[in-house]
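**Q**
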Amino acid sequence: MSTSPNKNPQTSAADQYTKPPTDDPFAHEQEGFHKGLGARQLQMIAIGSAIGTGLFLGTGSRLQDAGPMLAVIYAVIGFFGYLILRALGE
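Add 189 to the 1-based position in the sequence shown for our numbering, that's all there is to it.
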């Protein structure tokens, strides 16, 4: 009489501990990553946001002198900054 923990003789012990297949072909690339922000990262994001807002509000006089084109340039540069931060977040 065997005292093996494997109840089904058709499956091996290795088969019991494998992950079920997924439809995502890149699922193996996500293993080992942990998603979450610590207190330090949140503080740095908040400080960066405050500095960025101050820089934007500090250019009000230049915006008044340069006209609406400076606002368009800020929007374009902000969009590129957004794309870069999204890429870094991955």
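Don't be surprised by glycine CBs; every beta carbon is placed ideally from N, CA and C.
Using DSSP with H/G/I as helix, E/B as strand and the rest coil, what is P214?
**A** The answer is coil: DSSP assigns P214 none of H, G, I, E or B.
**Q** Throw me the rounded Cβ distance for the L252 and A260 pair, which I believe falls under 8 Å.
**A** Sure, about 6 Å apart at Cβ, within 8 Å.
**Q** Check T248 in the structure and name its three-state DSSP category.
**A** Coil at T248, not helix or strand.
**Q** Just the Cα atoms here: how many angstroms apart are G225 and T248?
**A** Rounded to whole angstroms, G225 to T248 spans 34 Å at the Cα level.
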